[in-house]
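Colleague:
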Amino acid sequence: MPELPEVETIVRALARRVAGDAIVSVWLGEKPEPLKSLAPEIAAALQRSRIIAVRRVGKQIVFDLEAGKGSARAARGHGPAARVRPAAAESRTQRQWVVHLGMTGRLLVSAPEAPVEPHTHAIVRLASGRELRFVDPRRFGRLSVTGGDAGLATGSEPLDVDFERFAGLFRKRKTPIKSALLNQKLLRGVGNIYADESLFRAGIRPRRRAASLTRDELRRLRRALRQVLNAAIAAGGSSVADYVNADGDQGLFQFEHRVYQRDGEPCLVCGAVVKRVLVAGRGTHYCPRCQR
DNA sequence: ACTATGTCCTGCGAGC
DNA sequence: TGCTCGCAGGACATAG
1266 MPELPEVETI
1276 VRALARRVAG
1286 DAIVSVWLGE
1296 KPEPLKSLAP
1306 EIAAALQRSR
1316 IIAVRRVGKQ
1326 IVFDLEAGKG
1336 SARAARGHGP
1346 AARVRPAAAE
1356 SRTQRQWVVH
1366 LGMTGRLLVS
1376 APEAPVEPHT
1386 HAIVRLASGR
1396 ELRFVDPRRF
1406 GRLSVTGGDA
1416 GLATGSEPLD
1426 VDFERFAGLF
1436 RKRKTPIKSA
1446 LLNQKLLRGV
1456 GNIYADESLF
1466 RAGIRPRRRA
1476 ASLTRDELRR
1486 LRRALRQVLN
1496 AAIAAGGSSV
1506 ADYVNADGDQ
1516 GLFQFEHRVY
1526 QRDGEPCLVC
1536 GAVVKRVLVA
1546 GRGTHYCPRC
1556 QR
């Protein structure tokens, strides 16, 4: 399941390979309902646009688009607003294509002759001859188009947030710390794997009420989260289930997991049996001895 | 304003 | 061996 490190890995590969490329044509499938109703808007924004940049916002992949000749910008030229707009603004990014991979979504850079996989919901043909393909068997992924930053996750970036702000996110929260870590309005990009792994490394039980954490524990948690996310990015993400990067390659960080999906096995630090419980409806793994 | 729970969706593995 | 069933989970909707 793509979380921050997996999305970061994908985004870096996409930035290398499709940034600057022009979009020649777009095909959108009929299947996922949200995509179906948004299809005309998405197609209109993508057609004949150029990809200026690819970046990550939480778990979202954001393609900054520049409208090409004969599309959105030309249409706007007839309105009065275009006349007062300075020339510099004309070349600025106007729209973003936002991709959320959900659970099983994959965004692949493919050769046109490569066979189209089952559950392919979108194909974007690029001027370079490559194709960008969105494949998602379970259809939890989402595609959308936005202007400005509306529709992007609002939480703090876990790798950027300073300690005081981090601590402030959990103040007065009665929800379990694990649930708080998963809340994208607080921190954006943390999912089930890295919530469990960071809590283990910080020595904190997942069910602890967020507001009950001491400043020392919060410091440990922030440090553990940064370390685990950075290490996972360096390893190209965790390939559990079916995550692969934009080139179809697997990550390596699943071999570094200390508790996630290791229930019943001995804790690598103390030897106690790793437990699995349900928190916020999510499988939650922890060491009953190392985590308090 | 929070918090907790249900919902979507398909592939896979456990169990009979 | 082959089937059914239940689980996996990110984000959002809804209920409390």
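Adding 1265 to a residue's 1-based position in the first sequence gives its number in our numbering.
Backbone N, C-alpha and C define an ideal beta-carbon position, used for all residues, glycine too.
(1) Can you give the Cα-Cα distance for R1350 and A1476, rounded to whole angstroms?
(2) F1399 bridges to which residues according to DSSP?
(3) When the Cα atoms are used, what is the spatial distance from L1269 to G1333?
(4) CA-CA distance, D1528 and F1520?
(5) Can you tell me which of the three DSSP states L1451 falls into?
(6) Taking 6 Å as the limit between beta carbons, can you name the residues of its chain near R1485, skipping five residues before and five after?
(7) Select from E1462, K1443 and V1455 the residue whose C-alpha is nearest the C-alpha of A1418.
(8) From V1400 to L1517, what does the alpha carbon distance come to, in whole angstroms?
(9) Could you check whether the segment 1312–1322 touches the segment 1282–1293, counting it as contact only if at least three pairs of C-beta atoms, one from each stretch, sit closer than 8 Å?
(10) Thinking C-alpha only, which one of L1494, T1274, K1450 and I1442 is nearest T1479?
(11) Check for me: the alpha helix (DSSP H) holding Q1361 runs from which residue to which?
(12) Leaving out five residues before and five after L1494 in sequence, what residues of the same chain have Cβ atoms less than 7 Å from its Cβ?
(13) Counting only the same chain and skipping the five closest in sequence on each side, list residues whose C-beta sits under 8 Å from that of E1306.
(14) Determine, using beta carbons only, whether P1267 and L1408 come nearer to each other than 7 Å.
Modeller: In brief:
(1) Residue placement at R1350 is poorly supported in this model, since its pLDDT is 40, which falls under 50; the coordinates still yield a value, given next. If I take the Cα positions, the gap works out to 48 Å.
(2) L1372 and A1387
(3) 31 Å
(4) 15 Å
(5) coil
(6) A1467
(7) V1455
(8) 22 Å
(9) yes
(10) I1442
(11) Run containing Q1361: none in the alpha helix (DSSP H); it sits in the beta strand (DSSP E), R1360 to H1365.
(12) L1269, P1270, P1423, L1424 and Y1459
(13) V1410
(14) no
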